[in-house]
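A short write-up of the structure that comes next.
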Amino acid sequence: MSNTQPNRPGCDNILEMRDIRVEFSSGRGRSKRQIVALNGVDLSVPRGTILGLVGESGSGKSTLARVLTALESSFTGTMVFNGTHLPARRTKELRRQIQMVFQDPYSSLDPRMTVRQTLAELLSVHKIVERRDVNKRCRELMEQVQLPERALDTYPISMSGGQRQRVAIAKALALEPSLLVADEAVSALDVSVQAGIVNLMADLRDELGLSVLFIAHDLAVVRSLCENVVVMYHGNIVEAGTTETVFAEPRDGYTKTLLRSIPRIRY
Ligand SMILES: Nc1ncnc2c1ncn2[C@@H]1O[C@H](COP(=O)(O)OP(=O)(O)OP(=O)(O)O)[C@@H](O)[C@H]1O
Ligand SMILES: [Mg+2]
């Protein structure tokens, strides 16, 4: 990944979030009330690892992802990314370095463009490679997401959900990020297809040294993929640690309940 910032010595975490707080107001007039979506969250992602983020619906996972990717700008707290303070107004370069993959690959792909057109546009707009190297880079991206080269000349409509999600990942990788945020990126896929995407995430970590924040509600997937795991409940982090420790010796009552609900699926 030529465009990625060099690893900084002494900076073991690619990301450190401190005391992140987000409030929303809902309703009008007398029924108006404040929702604390994130209640002072601290979270660190060790470089080159996958951090799993789990918690029930509405616990604040997507809000955290949106703060991190600058889609949500009303928050308090601080973030340090790759040893540098992340300012409220991100430079284009800082935005490039943190990329997001969403649950629904349909909405992140333009149906009128082939995969090659989509990727080529990104590579040109962000000046990632010289014009003459665009096709070569497109082929490399297909290889990275384990799609055949001929997929470059297809439209999203003719692809399966899993293939589309691979293209969505290729779009994120095209910008050569250091951190990938996957918000329920496998949740909409069939279980058999999920396993392929989960394995791809592991390969990207191992081969590119990519760091990933992996948001999921499937604890079996998190257990098989992530080095570390964080559990959220009502806007708070109630448990954080290595996946092994959290799954073997959960300290928090909510985590214990959550763990009891895991189906016994093995990947
Ligand atoms: N734009 C918004 N305006 C008002 N409330 C919001 C907004 N976005 C999120 N919320 C509220 O903030 C809380 C956290 O929502 P969030 O989407 O972060 O949860 P989540 O953990 O991602 O849930 P899910 O597992 O269902 O995706 C919820 O109570 C939600 O209703
Ligand atoms: Mg969500």
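Just so you know, the working numbering puts 109 at position 126 of the sequence shown, and the rest follows in order with no gaps.
Just so you know, even glycine gets a beta-carbon here, dropped at the ideal spot from N, CA and C.
Just to confirm the assignment, what range does the beta strand (DSSP E) spanning residue i have?
i      : result
Asp2   : Asn(-4) to Ser9
Asp166 : Leu162 to Asp166
Ala223 : Asn219 to Thr225
Arg16  : Arg16 to Pro29
Met215 : Asn211 to Tyr216
Ser194 : Ser194 to Ile198
Val37  : Ile33 to Gly38
Sort the options by Cα distance to residue i and report the nearest one.
i       : options                           : result
Ala199  : Gly179, Leu172 and Ala168         : Ala168
Gln253  : Arg79, Val150, Val84 and Thr226   : One cannot answer for residue 253 here, as it falls past the ends of the chain, which runs -16 to 250.
Thr228  : Ser143, Tyr216, Leu242 and Leu172 : Leu242
Ser57   : Ala20, Val176, Leu105 and Asp189  : Ala20
Leu105  : Gly145, Asp235 and Val117         : Val117
Gly41   : Arg234, His68, Gly224 and His217  : His217
Arg95   : Ile140, Gly179, Gly66 and Lys119  : Ile140
Asp93   : Arg147, Leu26, Gly236 and Pro233  : Arg147
Glu(-1) : Ser194, Arg115, Cys121 and Tyr89  : Ser194
Ser244  : Gln86, Thr67, Ser8 and Glu39      : Glu39
Thr59   : Leu162, Asp25, Ser91 and Arg115   : Asp25
Gly66   : Asp(-5), Gly43, Leu51 and Ile18   : Asp(-5)
Tyr89   : Ser143, Ala103, Glu190 and Thr226 : Ser143
Under 8 Å between the Cβ atoms of residue i and residue j?
i      : j      : result
Ala134 : Val181 : no
Leu196 : Val84  : no
Gly35  : Leu208 : yes
Asn22  : Asn219 : yes
Val214 : Val37  : yes
Ile33  : Arg188 : yes
Val205 : Gln177 : no
Lys154 : Thr238 : no
Leu69  : Met62  : yes
Gly179 : Gly224 : no
Ser9   : Gln86  : no
Ile152 : Phe64  : no
Asp235 : Glu222 : yes
Can you tell me where the alpha helix (DSSP H) holding residue i begins and where it ends?
i      : result
Gly145 : Gly144 to Ala157
Ile180 : Val174 to Leu191
Gly236 : Gly236 to Arg243
Val204 : Leu202 to Leu208
Please decide whether residue i counts as near chain C, where near means a Cβ-Cβ distance under 8 Å.
i     : result
Gly60 : Among the protein chains of the structure shown there is no chain C, as only one such chain exists.
- Message: Please give me, in chain order, every unbroken run of the alpha helix (DSSP H) with length at least 4 that falls completely inside the segment 41 to 75.
- Response: Every alpha helix (DSSP H) stretch that sits fully inside the segment 41 to 75 and reaches 4 residues is listed by chain position as 44 to 51.
- Message: Could you tell me which whole alpha helix (DSSP H) segments of length 4 or greater appear in the segment 73 to 135?
- Response: Entirely contained in the segment 73 to 135, the alpha helix (DSSP H) runs reaching 4 residues are, in chain order, 75 to 80, 98 to 108 and 117 to 127.
- Message: I'd like to know if the segment 124 to 131 and the segment 10 to 18 are in contact, where contact means that at least 3 CB-CB pairs between them fall below 8 Å.
- Response: The segment 10 to 18 and the segment 124 to 131 do not touch, with fewer than three beta-carbon pairs separated by less than 8 Å.
- Report yes or no: do the segment -2 to 8 and the segment 44 to 52 share at least 3 C-beta pairs separated by less than 8 Å? Enough Cβ pairs lie closer than 8 Å, so yes.
- Any chance the segment 148 to 163 sits against the segment 104 to 113, with 3 or more Cβ pairs inside 8 Å? The segment 148 to 163 makes contact with the segment 104 to 113: 3 or more CB pairs, one atom from each, lie closer than 8 Å.
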